[in-house]
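In the numbering used here, the protein residues as written are 2 to 376.
The following block contains the structure:
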């Protein structure tokens with residue numbers, strides 16, 4: 002999957018960049034974890050839901066809170082250890098986080114390791130594994146709870162250690178869940194180099210008036226949907242932020258080919274999905290939505306209800322016509338919509354626009370660019 006942007010020069014649109022959309026999951030933690038959450042969103046396992054619910058953000062109001070910072074650093078380290086075990090390559094094999102003297106002396110017999118000074122990922126995996134396997138038996142954890150009035154492991158870290166060790170319960174025998182192996186499908190979306198998240202770059206290009214073409218034609222369909230949603234969410238969130246801060250938004254036009262492969266299905270009632278939000282709220286943010294599909298009946302009714310301009314060329318069955326007639330009166334053209342002649346119907350569409358109360362049959366010429374004149 003790649004993204005490309007074009008800009009006009011000398012009357013032609015020329016490719017000026019070609020980039021592969023990848024994320025450094027170790028560095029761009031929130032971006033990478035967001036992709037993981039999207040990928041695992043349809044998995045209904047309890048331990049996976051707990052893993053996807055962890056919060057890897059660091060609130061500004063928690064700066065200076067030593068207890069929170071300590072727990073956060075351990076949580077982040079455990080998450081990166083899951084990535085490491087899943088096979089995500091990294092150029093830096095060292096990791097630092099606050100440990101404890103009692104645990105540091107117990108992980109490797111006859112040796113003391115100190116995570117605070119930096120240890121290898123293998124040693125870090127061993128550190129967290131020892132904690133989970135001995136959590137019910139080691140006296141240190143009971144004494145910690147008695148002294149501090151709370152457990153050594155919070156719910157987020159417990160969820161991570163289930164994922165890391167593949168054991169549902171502390172001290173469990175044998176790996177009973179898939180755990181970190183679930184992440185292996187996303188390895189080809191990871192890069193070990195340090196670069197800006199592609200969503201940030203795409204938003205910046207659009208704000209500068211560039212045309213961005215996202216090629217999602219290759220790869221797993223679920224990953225394609227995940228990337229599309231992440232990009233749309235980034236653009237929508239940035240536009241909403243500017244709107245709230247009373248900053249001007251330039252006009253951005255989305256275009257989706259084969260939209261039925263990406264948009265929510267008709268039976269999906271979750272109106273908070275990003276495509277529904279763009280269709281319903283995009284106008285105030287200067288966001289437009291154009292989509293092409295052969296399966297009108299499969300697309301969320303919320304999106305169809307907010308579609309203002311229709312260009313209908315050919316539909317292949319009566320079900321599509323029935324769905325179309327719910328929104329505008331195309332009945333005078335139903336026979337022609339299902340009967341297509343390659344010779345006489347090229348460019349022939351039935352058009353219903355926001356500014357026109359009637360459905361109008363029109364013939365559309367093929368768009369050609371005159372390279373000499375630039376027109």
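The C-beta atom is built at its ideal place from N, Cα and C for all residues, glycine as well.
All values derive from a computational prediction rather than experimental measurement.
Residue i burial status per 10 Å Cβ neighbour count (16 or more: buried)
| i | result |
| --- | --- |
| residue 1 | For the chain, the structure presents residues 2 to 376; residue 1 sits outside this window and is missing. |
| residue 151 | exposed |
| residue 149 | exposed |
| residue 321 | buried |
| residue 60 | exposed |
| residue 210 | exposed |
| residue 265 | buried |
| residue 300 | buried |
| residue 358 | exposed |
| residue 316 | buried |
| residue 369 | exposed |
| residue 75 | buried |
| residue 271 | exposed |
Per-residue DSSP class, three states only, for residue i
| i | result |
| --- | --- |
| residue 191 | strand |
| residue 304 | helix |
| residue 163 | helix |
| residue 49 | helix |
| residue 252 | coil |
| residue 89 | coil |
| residue 76 | helix |
| residue 266 | strand |
| residue 67 | helix |
| residue 56 | coil |
| residue 320 | helix |
| residue 179 | coil |
| residue 150 | coil |
| residue 139 | coil |
| residue 243 | helix |
For residue i, the residue or residues it bridges with in DSSP
| i | result |
| --- | --- |
| residue 362 | 351 |
| residue 292 | 257 |
| residue 121 | 95 |
| residue 131 | BP columns for residue 131 are empty, so no partner. |
| residue 112 | 109 |
| residue 312 | 352 |
Same chain only: Cβ atoms within 6 Å of residue i, ignoring 5 sequence neighbours per side
| i | result |
| --- | --- |
| residue 352 | 312, 361 and 363 |
| residue 324 | 297 and 298 |
| residue 52 | 160 and 164 |
| residue 249 | none |
| residue 115 | 105 |
| residue 307 | 280 and 281 |
| residue 252 | 287 |
| residue 84 | 26 |
| residue 153 | 142 and 145 |
Reference residue i; option with closest CA among the options
| i | options | result |
| --- | --- | --- |
| residue 19 | 359, 296 and 212 | 212 |
| residue 215 | 277, 226 and 100 | 226 |
| residue 109 | 93, 99, 127 and 76 | 127 |
| residue 281 | 177, 35, 237 and 122 | 237 |
| residue 158 | 78, 146, 28 and 306 | 78 |
| residue 199 | 240, 32 and 367 | 32 |
| residue 87 | 239, 175 and 122 | 122 |
| residue 47 | 269, 261, 85 and 169 | 169 |
| residue 120 | 103, 139, 99 and 49 | 99 |
| residue 89 | 193, 366 and 117 | 193 |
| residue 318 | 176, 295 and 143 | 295 |
| residue 117 | 358, 71, 223 and 255 | 71 |
| residue 44 | 283, 175 and 183 | 183 |
| residue 258 | 290, 243 and 327 | 290 |
| residue 171 | 178, 162 and 179 | 162 |
Close beta carbons around residue i, own chain, < 7 Å, minus the five adjacent residues each side
| i | result |
| --- | --- |
| residue 81 | 27 and 96 |
| residue 350 | 312, 313, 314, 363 and 365 |
| residue 173 | none |
Own chain residues within Cβ distance below 8 Å of residue i, not counting five before or after
| i | result |
| --- | --- |
| residue 58 | 31 |
| residue 235 | 200, 201, 203 and 204 |
| residue 261 | 294, 295, 296, 299 and 300 |
| residue 137 | 171 and 172 |
| residue 35 | 231 |
| residue 224 | 2, 40, 186, 187 and 190 |
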